[in-house]
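These notes are about the structure you will find just below.
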Amino acid sequence: MTNAIELRGLEKHYPGFDLKLDLELPEGCILGLVGENGAGKTTVIKCILGLIRPNAGQIRILGREPGRDFDRVREEVGLVMEPTSFPDSMNAREIGRILSGVYRNWDAAAYAALLERLRVAGEKPLKDLSRGNRMKLSICTALSHRARLLVLDEPTSGLDPVVRDEVVGLLLDFTRDERHSVLISSHIVSDLEKLCDYIAFLKDGRLMLCEEKDRLLEEYRLVQCAPAELERIDPALIRGRRETEYGVSALVPEAAVPAGMHSAPVNIEELFVLMASGSRKEGGES
Amino acid sequence: MKGLIWKDLVLVWKTYKIYGIITLIFLIAGNFSDNGFIALYPAWIVGLIVMNLINMDERSGWNMYSAALPLSRAQLVSAKYLVMLVLSLGTALLYLLIQGGWSLWQGSGLDAFLLRLPMVLTVMLLWPTIMLPCVLKLGYSRGSTAYIVVAGVLFGVLLGGMSLLNYVTGIETSALPPFALLYAMPLATAVLFGLSWLLSIRIYKKKEF
Numbered sequence: 009m010t011n012a013i014e015l016r017g018l019e020k021h022y023p024g025f026d027l028k029l030d031l032e033l034p035e036g037c038i039l040g041l042v043g044e045n046g047a048g049k050t051t052v053i054k055c056i057l058g059l060i061r062p063n064a065g066q067i068r069i070l071g072r073e074p075g076r077d078f079d080r081v082r083e084e085v086g087l088v089m090e091p092t093s094f095p096d097s098m099n100a101r102e103i104g105r106i107l108s109g110v111y112r113n114w115d116a117a118a119y120a121a122l123l124e125r126l127r128v129a130g131e132k133p134l135k136d137l138s139r140g141n142r143m144k145l146s147i148c149t150a151l152s153h154r155a156r157l158l159v160l161d162e163p164t165s166g167l168d169p170v171v172r173d174e175v176v177g178l179l180l181d182f183t184r185d186e187r188h189s190v191l192i193s194s195h196i197v198s199d200l201e202k203l204c205d206y207i208a209f210l211k212d213g214r215l216m217l218c219e220e221k222d223r224l225l226e227e228y229r230l231v232q233c234a235p236a237e238l239e240r241i242d243p244a245l246i247r248g249r250r251e252t253e254y255g256v257s258a259l260v261p262e263a264a265v266p267a268g269m270h271s272a273p274v275n276i277e278e279l280f281v282l283m284a285s286g287s288r289k290e291g292g293e294s
Numbered sequence: 192m193k194g195l196i197w198k199d200l201v202l203v204w205k206t207y208k209i210y211g212i213i214t215l216i217f218l219i220a221g222n223f224s225d226n227g228f229i230a231l232y233p234a235w236i237v238g239l240i241v242m243n244l245i246n247m248d249e250r251s252g253w254n255m256y257s258a259a260l261p262l263s264r265a266q267l268v269s270a271k272y273l274v275m276l277v278l279s280l281g282t283a284l285l286y287l288l289i290q291g292g293w294s295l296w297q298g299s300g301l302d303a304f305l306l307r308l309p310m311v312l313t314v315m316l317l318w319p320t321i322m323l324p325c326v327l328k329l330g331y332s333r334g335s336t337a338y339i340v341v342a343g344v345l346f347g348v349l350l351g352g353m354s355l356l357n358y359v360t361g362i363e364t365s366a367l368p369p370f371a372l373l374y375a376m377p378l379a380t381a382v383l384f385g386l387s388w389l390l391s392i393r394i395y396k397k398k399e400f
């Protein structure tokens, strides 16, 4: 299987923040990039899009490295970066006209059909559109130039559940073509759980894990017990824990759960919260 | 790149129509006045519009978005310079039609208009020439401040140099042949405009978002 995105030894340094990771997105898959605010999700996306230059490492997008012909790669990348990145006085029809002069493969008919399907008004200025409609418009533009890779930075944040569901549906439609891939960053983990084949957890600029979602859900269990009982598990194997006055919840590989100890399946949201919090007592202690 | 130019021209049309009306008023008023401000204000507005377009790009997130489109950084910068030229040519044409046409209609010939034209062209191109690299490097707010400093130094050096030339050689710069001096100014500005264009491309290629 070829990779839509390959990041090898990627490093980007800012004062007080260092990003260092390897990451792969196999072609035909959806990879969800999860992490707290400031974990480095947007920095990864900016490196991929060539908006910032990494200090070290290799980037390959759709089999090509950034260089002279990288514009051709960008032809095949659909972007959703903000609710919309156009001035407020413009409307969807004008945006379509602009992008038809940018993308060689712009498909005006597909764009018009998507606007109609998602009920985005073509003539209304952006300033009169709701946040949800602006986001839908952004997704329409990303899907109207025969992209093979979609890169979405927080596409569902601030949207109501109905619009979020529509967005998720669109992205699932997009990946019905097995050559299509999606990289999506979000902290709305429930959306990623519906969408993604792979989940990558970022924390403080480091990739804590990147695995197939189903394998992750199979591999980890949520142990809820008294703190003393948790001592039966090797602390090195505990990937995250949260203590409350009622007991402790811990994220543990299934193989490490001692016989007879009660454990439950974990969902991605719990997995993310426990991994992100590391070891935390409720009330703010770390 | 045509998408970029089209975007800016649509924005100019939608957002700055009022400037077009002001330009027309000042151009017509210029037929009845020798006031330098009235004559040069429409030329100055052109640069102002382009700077406002950059400001709008920054506020909407277009800067970052466009840098990720299948366009080179050189194309992104060149679009702004081309829009600047299109607006300048349009304004120069309006000068020609309104003020040149008025002079001909009055039977006074084009001499006065031709003396004013190089000054208009210079004003039209000079300040965006200085300001565009500053704004593209530092962003609109900090770039505008940098422009005030750069322009202040530049004009200080220019005026100081002329005074020094006058003091040392006794040559009155204002006594130079007016046509040669006047038409040297827009030509020099055009050269500076080209250099500014190249500098801006260089700056923008290194820019991170």
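Going down the list, the sequences are from chains S and G. The first sequence begins at 9 in our numbering and counts up by one. The second sequence begins at 192 in our numbering and counts up by one. Where a beta carbon is used, it is the ideal one built from N, C-alpha and C, also for glycine.
_Contacts that alanine 371/G makes with chain S (C-beta to C-beta distance below 9 Å)_ = Numbered from 1 along the second sequence, position 180 holds the residue referred to as residue 371/G. The premise fails here: alanine 371/G is roughly 43 Å from chain S at the closest Cβ pair, so nothing lies under 9 Å.
*Could you check the C-alpha separation between serine 189/S and glycine 58/S for me, to the nearest Å?*
In the first sequence, residue 189/S corresponds to position 181, counting from 1. In the first sequence, residue 58/S corresponds to position 50, counting from 1. So the two alpha carbons sit approximately 18 Å from each other.
_So that I know if they touch, is there some Cβ in chain G lying closer than 8 Å to that of tyrosine 111/S?_
In the first sequence, the residue the question calls residue 111/S occupies position 103. Chain G, which has a Cβ nearer than 8 Å to the Cβ of tyrosine 111/S, makes this yes.
_Host alpha helix (DSSP H) of glutamate 239/S (start-end)_ = One-based indexing of the first sequence puts residue 239/S at position 231. Element bounds for glutamate 239/S: n/a, residue is neither H nor E.
*DSSP-derived helix/strand/coil call for lysine 208/G*: One-based indexing of the second sequence puts residue 208/G at position 17. Correct three-state label for lysine 208/G: helix.
*By DSSP, does glutamate 201/S sit in helix, in strand, or in coil?*
Within the first sequence, numbered from 1, the residue matching residue 201/S stands at position 193. Glutamate 201/S falls in the helix class under three-state DSSP.
*Counting only the same chain and skipping the five closest in sequence on each side, list residues whose C-beta sits under 7 Å from that of phenylalanine 25/S.*
On the first sequence, position 17 is the one that residue 25/S refers to. Contacts found: Gly213.
*Using the C-alpha atoms, what's the distance from leucine 308/G back to valine 237/G?*
Here residue 237/G refers to the residue found at position 46 of the second sequence. Here residue 308/G refers to the residue found at position 117 of the second sequence. Spanning the two alpha carbons is a distance of roughly 15 Å.
*Considering only residues of the same chain and omitting the five flanking positions on each side of glycine 330/G, which have a CB-CB separation below 8 Å?*
By one-based count along the second sequence, residue 330/G stands at place 139. The answer, listed in chain order, is Glu249.
*Look at the Cβ atom of serine 257/G, then the Cβ atom of leucine 267/G, and state whether they are nearer than 8 Å.*
The residue labelled residue 257/G in the question sits at position 66 within the second sequence. The residue labelled residue 267/G in the question sits at position 76 within the second sequence. It is a contact, given that the beta carbons lie within the stated cut-off.
_Which residues DSSP lists as bridging leucine 157/S, in chain order_ = Here residue 157/S refers to the residue found at position 149 of the first sequence. Leucine 157/S is bridged to Val85/S, Ser189/S.
*Between the region 244-261 of chain G and chain S, which residues of the former have CB atoms less than 7 Å from a CB of the latter, in chain order?*
Met247, Ser251, Gly252, Trp253, Met255, Tyr256, Ala258, Ala259, Leu260, Pro261
*Can you find a CB in chain S that lies within less than 8 Å of the CB of serine 332/G?*
Counting from 1 along the second sequence, the entry for residue 332/G is found at position 141. Cβ-Cβ to chain S under 8 Å: no for serine 332/G.
*Between which two residues does the alpha helix (DSSP H) carrying serine 269/G extend?*
Counting from 1 along the second sequence, the entry for residue 269/G is found at position 78. Taken as a continuous stretch (DSSP letters only), the alpha helix (DSSP H) holding serine 269/G covers 264-285.
*Just the C-alpha distance for glutamate 293/S and alanine 258/S, rounded to the nearest angstrom, thanks.*
Counting from one through the first sequence, the residue named residue 293/S turns up at place 285. Counting from one through the first sequence, the residue named residue 258/S turns up at place 250. Unreliable positioning characterises glutamate 293/S in this predicted model, as indicated by a pLDDT of 42, which lies under 50. A coordinate reading is not provided.
_chain G within 8 Å of glycine 86/S, Cβ atoms only_ = Position 78 of the first sequence holds residue 86/S. Taking Cβ atoms only, chain G never reaches closer than 8 Å to glycine 86/S, which makes this a no.
*Which residues in the same chain have their Cβ closer than 7 Å to the Cβ of serine 152/S, if we skip the five residues on either side of it in sequence?*
By one-based count along the first sequence, residue 152/S stands at place 144. Here the set comprises Trp114, Asp115, Ala118, Tyr119, Leu122.
*Which one of Ile192/S, Met98/S, Leu203/S, Arg156/S has the shortest CA to CA distance from aspartate 173/S?*
Along the first sequence, read from residue 1 onward, the residue named residue 173/S stands at position 165. Of the candidates Ile192/S, Met98/S, Leu203/S, Arg156/S, the one whose C-alpha sits nearest the C-alpha of aspartate 173/S is Leu203/S.
*Determine, using beta carbons only, whether glycine 194/G comes closer than 8 Å to chain S.*
Numbered from its first residue, the second sequence carries residue 194/G at position 3. Chain S contact via Cβ: present.
*asked:* Quick check on this structure: which residue in Lys144/S, Met89/S, Lys54/S, Ala272/S has the alpha carbon closest to the alpha carbon of serine 251/G?
replied: Position 60 of the second sequence, counted from the start, is the residue given in the question as residue 251/G. It is Met89/S whose Cα lies nearest to the Cα of serine 251/G.
*Across which residues does DSSP place histidine 195/S in a beta bridge pair?*
On the first sequence, position 187 is the one that residue 195/S refers to. Paired residue(s): none; histidine 195/S is not in a bridge.
_Beta carbon of leucine 3/S nearer than 8 Å to that of isoleucine 276/S_ = The question about residue 3/S has no answer, for chain S in this structure spans 9 to 294.
*From Met275/G, Ser269/G, Tyr286/G, pick the residue whose C-alpha is nearest to that of leucine 401/G; which is it?*
One cannot answer for residue 401/G here, as it falls past the ends of chain G, which runs 192 to 400.
_Just verifying my parser: in three-state terms, what is the DSSP assignment at threonine 214/G?_
As a working mapping, residue 214/G is identified with position 23 in the second sequence. Note: threonine 214/G maps to helix in three-state DSSP.
*What residue range is occupied by the uninterrupted beta strand (DSSP E) comprising tyrosine 295/S?*
Only positions 9 to 294 of chain S appear in the structure, and residue 295/S is not among them; the question remains open.
*Could one say the Cβ of serine 263/G lies closer than 8 Å to chain S's Cβ atoms, at least one of them?*
In the second sequence, the residue the question calls residue 263/G occupies position 72. At least one chain S Cβ lies under 8 Å of serine 263/G.
*asked:* Could you tell me the alpha carbon to alpha carbon distance between tyrosine 111/S and leucine 345/G, rounded to whole angstroms?
replied: The residue you call residue 111/S lines up with position 103 of the first sequence. The residue you call residue 345/G lines up with position 154 of the second sequence. Their Cα atoms are separated by approximately 41 Å.
_Cβ separation of leucine 327/G and isoleucine 394/G, assumed to be a contact under 8 Å, to the nearest whole Å_ = As a first step, residue 327/G is located in the second sequence; it is residue number 136 there, counting from the start. As a first step, residue 394/G is located in the second sequence; it is residue number 203 there, counting from the start. Their Cβ separation, rounded to whole angstroms, is 5 Å, which keeps leucine 327/G and isoleucine 394/G in contact under 8 Å.
*How about proline 319/G and methionine 275/G: do their beta carbons lie closer than 8 Å?*
Stepping through the second sequence from its first residue, residue 319/G is reached at position 128. Stepping through the second sequence from its first residue, residue 275/G is reached at position 84. Going by C-beta atoms, proline 319/G is nearer than 8 Å to methionine 275/G.
*Does the beta-carbon of glycine 291/S have 16 or more other beta-carbons within 10 angstroms, so that it is buried, or is it exposed?*
The residue you call residue 291/S lines up with position 283 of the first sequence. The pLDDT assigned to glycine 291/S is 47, lower than 50, so where the model puts this residue is not dependable, and the model offers no usable value.
_Simplified DSSP state of arginine 250/S, which is helix, strand or coil_ = For this step, residue 250/S is matched to residue 242 along the first sequence. Strand at arginine 250/S.
*Compare the C-beta of tryptophan 293/G with all C-beta atoms of chain C and state if any pair is closer than 8 Å.*
Given the protein chain composition of this structure (S and G), no chain C is represented.
*So with Cβ pairs under 8 Å, would you call leucine 107/S a contact of chain G?*
Indexing the first sequence from 1 puts residue 107/S at position 99. True, the Cβ-Cβ gap to chain G drops below 8 Å.
*Which residues bound the beta strand (DSSP E) around aspartate 30/S?*
By one-based count along the first sequence, residue 30/S stands at place 22. Per DSSP, aspartate 30/S belongs to the beta strand (DSSP E) from 25-34.
*Selected residue, minimal CA-CA separation from leucine 36/S, among Glu251/S, Val176/S, Leu70/S*: By 1-based counting over the first sequence, the position of residue 36/S is 28. According to the sequence provided, residue 36/S is glycine. The question's leucine does not apply to it. Among Glu251/S, Val176/S, Leu70/S, the Cα nearest to that of glycine 36/S belongs to Leu70/S.
*Report buried or exposed for lysine 54/S, applying the criterion of at least 16 other Cβ atoms within 10 angstroms of its Cβ.*
Translated into positions along the first sequence, residue 54/S becomes position 46. That one is buried.
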